[in-house]
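Chemist: Sharing a structure with you now.
Residue numbers (the working numbering): 494 to 781.
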């Protein structure tokens with residue numbers, strides 16, 4: 494185990510931080526959710542969510558004005574992550590679906606006909622029991638539901654898949670972040686390969702569940718032409734893609750890495766030019 498000294502000048506790698514985050518789980522009486530392998534080993538019996546934060550007037554995470562819930566816990570260690578403070582699932586902020594829904598509907602008058610609720614992370618699928626209950630109750634009130642995910646926990650087997658199928662009954666839209674189309678490069682970037690992730694997107698296409706595909710353009714890592722063409726060809730096989738969004742890499746979250754005493758390995762990579770973002774957008778959209 495890597496010792497964690499808040500005053501140390503040595504920065505931690507994402508892998509070391511993951512080890513510390515899991516080691517710091519206390520033996521409190523509260524039920525725990527464990528994330529180190531990216532699989533749900535135990536779920537809160539009353540489906541309380543481990544909440545990082547909420548946003549009352551989100552305008553970029555789904556259609557219209559939305560109430561955004563950011564959940565804690567993520568197994569992936571994306572090298573450009575702008576919210577590494579969501580990785581560790583440990584939190585004192587536990588909320589039931591009813592509590593969160595009551596908070597969300599206070600802003601319903603601002604949503605209009607296109608708005609609603611989006612749940613993001615961290616990786617929201619690590620709290621799938623909560624998601625099922627929360628989205629089910631939201632749909633009972635006629636609220637549009639959106640899930641923002643990278644689908645790292647997805648698999649077409651066992652109890653997870655049964656729960657995922659149930660969750661899709663109450664999910665109107667998924668925002669799907671494809672980190673990298675090449676599996677080996679995906680593992681270098683996030684710590685995990687992408688076969689199960691791409692399979693999740695294929696499954697969503699099979700059941701005709703609407704998705705928005707997102708892709709962060711990181712110079713020298715995800716912006717190579719060969720990878721963009723591979724991603725375009727993959728997207729072309731899908732029948733459920735409503736929108737494709739190329740998001741420019743940025744360093745706005747670097748201070749969070751520093752606050753966590755972690756080394757930000759991409760600090761020397763520049764942000765992409767507007768021209769390169771527009772080029773990637775046209776390519777992935779099939780306009781080139």
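Beta carbons: idealized from backbone N, C-alpha and C, even for Gly.
Residues in the same chain with beta-carbon distance under 7 Å from residue 733, minus the five sequence neighbours each way, listed in chain order, please.
Modeler: Exclusion of the five residues before and after residue 733 leaves 697, 698, 701, 702, 703, 704 as the residues of its chain whose Cβ lies within less than 7 Å of its Cβ.
Chemist: Determine the extent of the beta strand (DSSP E) in which residue 705 is found, giving its start and end residues.
Modeler: Run containing residue 705: 704 to 710, per the beta strand (DSSP E) assignment.
Chemist: Classify residue 588 as helix, strand or coil using the three-state DSSP reduction.
Modeler: strand
Chemist: For the pair the region 614 to 626 and the region 597 to 604, tell me if three or more CB-CB distances fall below 8 Å.
Modeler: no
Chemist: Would you identify the three-state DSSP class for residue 516, choosing helix, strand or coil?
Modeler: For residue 516, the pLDDT reaches just 40, beneath the cut-off of 50, and the residue's location in the model is therefore unreliable, although a value from the coordinates is still provided. Note: residue 516 maps to helix in three-state DSSP.
Chemist: Given this structure, state the Cα-to-Cα distance separating residue 551 from residue 558, to the nearest angstrom.
Modeler: 6 Å
Chemist: Could you pull the start and end residues of the alpha helix (DSSP H) that residue 693 belongs to?
Modeler: Element bounds for residue 693: 688 to 699.
Chemist: CB-CB under 7 Å to residue 588, same chain, minus the five flanking residues each way: which ones, in chain order?
Modeler: So the list reads 541, 542, 544, once near-sequence residues are dropped.
Chemist: Have a look at 759, 738, 646 and flag the residue whose alpha-carbon is nearest the alpha-carbon of residue 554.
Modeler: For residue 554, the nearest C-alpha among the options comes from 738.
Chemist: Run through DSSP, which three-state label would residue 728 get?
Modeler: helix
Chemist: Give me the Cα-Cα distance between residue 770 and residue 714, rounded to the nearest whole angstrom.
Modeler: So the two alpha carbons sit approximately 14 Å from each other.
Chemist: Quick one: grab the DSSP three-state call for residue 777.
Modeler: helix
Chemist: Quick one: grab the DSSP three-state call for residue 669.
Modeler: Per DSSP, reduced to three states, the secondary structure at residue 669 is strand.
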